[in-house]
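One point on numbering: in the numbering used here, the residue at position 214 of the sequence shown is 214, and numbering is uninterrupted. For each residue, glycine too, the CB sits at the ideal point set by N, CA and C.
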Amino acid sequence: MTDTILPLVTGRTRKPRGRSTRPRLPAGNRLLATLVLAAAAVNGLFALALAPSSRFEIADPTQHIDNRLWAAGVAALLVPLGWGLLRRRRGAWIVSCALLAGVVGVDLAYGEPPTELLLPLIALTGVLLARHRLVAVNYRETLRAHTVPTHEAMIRTQALIDEYATDSMAPFKLREDVGHMFSDARDAVLAFRVENRALLVASDPIGSPEGVAEVINRARSLARGAGLRFGIVAASEELCDRMRSEFGMRPIYLGCEAIVDATAFTLQGHKIKKVRQAYNRVQREGFVLECKRFGELTDAERAELAACQERGRPPEEEQSFVMAPETYDAHGSERSIVVQARHAEDGHVGAFMVFMPLTQRKMWSLAMQLRDPDSPNGTVDALIAFALLQAKEHGVEELSLNFAAARRYVYEPVFGFWPRVAKALAYLAMRWTQIDQLRYHNEKFSPTWEPRSVICEHVLEVPHLAFAVIWQEGQLPRPNAFIRPAWPQRSDALPA
1 MTDTILPLVT GRTRKPRGRS TRPRLPAGNR LLATLVLAAA AVNGLFALAL APSSRFEIAD
61 PTQHIDNRLW AAGVAALLVP LGWGLLRRRR GAWIVSCALL AGVVGVDLAY GEPPTELLLP
121 LIALTGVLLA RHRLVAVNYR ETLRAHTVPT HEAMIRTQAL IDEYATDSMA PFKLREDVGH
181 MFSDARDAVL AFRVENRALL VASDPIGSPE GVAEVINRAR SLARGAGLRF GIVAASEELC
241 DRMRSEFGMR PIYLGCEAIV DATAFTLQGH KIKKVRQAYN RVQREGFVLE CKRFGELTDA
301 ERAELAACQE RGRPPEEEQS FVMAPETYDA HGSERSIVVQ ARHAEDGHVG AFMVFMPLTQ
361 RKMWSLAMQL RDPDSPNGTV DALIAFALLQ AKEHGVEELS LNFAAARRYV YEPVFGFWPR
421 VAKALAYLAM RWTQIDQLRY HNEKFSPTWE PRSVICEHVL EVPHLAFAVI WQEGQLPRPN
481 AFIRPAWPQR SDALPA
């Protein structure tokens, strides 16, 4: 296994030439798709041979199309449809059925002889009967067969995070509403969801280099066999370089994550003046800033956190499956760090933040940030400043804060046609989203911006993956009336 894994490189390299890096489909699929392509070619040759000069009327009897052009057009359309069927695309199957049914209908309407109806009828019947092979209708069951039960997944994923994880988003794989896929040796894991017929991997897989390569290959093969697109959301630069060099995949910039150096943070100086004022004002208002482990909180204190969450943002509005846990008390929360602003007199919580610590890196990763709308302005700034001071005392070197989408497109010079298009779209999105607010809020703490990307198989899949990511992150309402819900869901439990 190890001799087949290319070494991890950090430089930008081009996609390997001379061979495809995509997993192959089953032989049955390739055979059926080849038959569709052959039927297209036969249909064109059949019409060219038997109807060299006949004409096809269009509504007005004075307007005609040569039968050879009609046959060539149908054959040319069947070729990309055959390619779509080769990749088990449900849309290609639907269009193929509609096209073949349309050909049969036109032939019947114009009284064509039975011999000319034979070929499209055979093709339509074959495509309908082969639906279970040409279209991955049971992809959810296929995915279930390649995951492990939730309880086992939580235990093994937590062990891999403790042993290997250096990515700030690694602790968020401990969600019960995602699928977990492991390597054969159980030395690597990735968390995923299915949305818009795309298998989305949540940030970097965790594990040994060999195990990570194996589990990525397994996920790609599974997605391709189930007729799904494949993408990795919020991937680090290190993973982007590896996927480009080893797998020939394409990273597309998504945004930047704010990483603050806790060892260098101080409340002194003019640049941090507004944060210092908020820090002092919140305490003058009667709030006490506290830092505790979640496992040390009493039942009454946990109830106050739940009340603050309900006032600030109900739990059902938590959307992101990549950059946040399900709730503040999700799996693995016993070791999380809770920083809260609690009123000294009545004990209610005005705001709180939850950080997940990493064992392989001296970092606290922001998991949740909630504020009571009635709390004083600047409470969140005060909590971040207090968290940085507490992290320094505990020997923690870095704090991972909020994610700013499309920051590079908005605040850095861009070159090229598509980056300029992305820049215009980012400016347009700023009118309805919090892109600029998150960036401005993080800039107060002089962070280092680490880029994150979406990795896809091909640039033509970017629009499809974009809608999948947007719906999963809750940035746009999901058209549930037309598209099946994502999998897994809370109510759609994995088999025991």
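Sixteen is the threshold: when 16 or more other Cβ atoms of the shown chains lie within 10 Å of the Cβ of residue 409, as they do, the residue is buried.
In the three-state reduction of the DSSP assignment, residue 438 falls in the helix class, which pools H, G and I. Taking residue 449 as the centre and dropping the five residues before and after it, the same chain places the C-beta of 256 closer than 6 Å to its C-beta, in chain order.
Here residue 166 really is in contact with residue 361; their C-beta atoms are around 5 Å apart, less than 8 Å.
Under the criterion of beta carbons closer than 8 Å, residue 383 and residue 324 do not qualify as touching, at roughly 17 Å. At a Cβ-Cβ threshold of 8 Å, residue 399 and residue 405 do not count as neighbours. Looking at 292, 460, 193 and 425, the one whose alpha-carbon comes closest to that of residue 394 is 292. Fewer than three beta-carbon pairs drawn from the stretch 237–246 and the stretch 426–440 are found closer than 8 Å, and the two stretches are therefore not classed as touching. Taking one beta carbon from each stretch, the stretch 274–281 and the stretch 328–344 have fewer than 3 pairs nearer than 8 Å; the two do not touch.
Residue environment for residue 271: exposed (fewer than 16 other C-beta atoms within 10 angstroms of its C-beta). Note on residue 122: under 16 other CB atoms within 10 angstroms of its CB, so exposed under the neighbour-count rule. For residue 107, the secondary structure class from DSSP, reduced to helix, strand or coil, is helix. Look at residue 292 here: in three-state DSSP terms it is strand. Annotation: the continuous beta strand (DSSP E) that includes residue 191 extends over 188–195.
Residue 418 sits in a helix when the DSSP states are folded into three classes. Look at residue 268 here: in three-state DSSP terms it is coil, with no helix or strand label. By the Cβ neighbour-count rule, residue 129 is exposed, with fewer than 16 other Cβ atoms within 10 Å of its own.
About 17 Å separates the CB atoms of residue 194 and residue 205; that is not less than 8 Å, and the two are not in contact. With a 10 Å radius around the Cβ and a threshold of 16 neighbouring Cβ atoms, residue 155 comes out exposed. When secondary structure is reduced to three states using DSSP, residue 171 falls in the helix class.
With a cutoff of 8 Å on beta-carbon distance, residue 92 and residue 81 are scored as near each other. The way I'd put it, the stretch 226–234 does touch the stretch 444–461; three or more beta-carbon pairs between them come closer than 8 Å.
Residue environment for residue 421: exposed (fewer than 16 other C-beta atoms within 10 angstroms of its C-beta). Using a Cβ distance threshold of 8 Å, residue 175 and residue 330 count as a contacting pair. At the C-beta level, residue 202 and residue 322 come within 8 Å of one another. Within a 10 Å sphere around the beta-carbon of residue 350 sit 16 or more other beta-carbons, which makes this residue buried.
In the three-state DSSP reduction, residue 386 falls in the helix class (H, G or I). Annotated as proximal: residue 181 and residue 147, with beta-carbon spacing under 8 Å. Contact between residue 209 and residue 367 does not hold, since the beta-carbon distance rounds to 27 Å and is not under 8 Å.
Assigned with DSSP and collapsed to three states, residue 80 falls in helix. In summary, residue 103 is buried, with 16 or more beta-carbon neighbours lying within 10 Å of its beta-carbon over all protein chains present.
Fully enclosed alpha helix (DSSP H) runs of no fewer than 4 residues occupy 209–225 and 237–247 of the stretch 175–252, in order along the chain.
Your pair residue 356 and residue 336 checks out as a contact, with CB atoms roughly 5 Å apart and the cut at 8 Å.
Beta-carbon to beta-carbon, residue 187 and residue 225 are separated by about 24 Å, too far to satisfy the 8 Å threshold.
Rounded to whole angstroms, the Cβ separation of residue 259 and residue 447 is 6 Å, and the two are in contact under 8 Å.
Separation of residue 460 and residue 339 (C-alpha to C-alpha, rounded to the nearest whole angstrom) is 44 Å.
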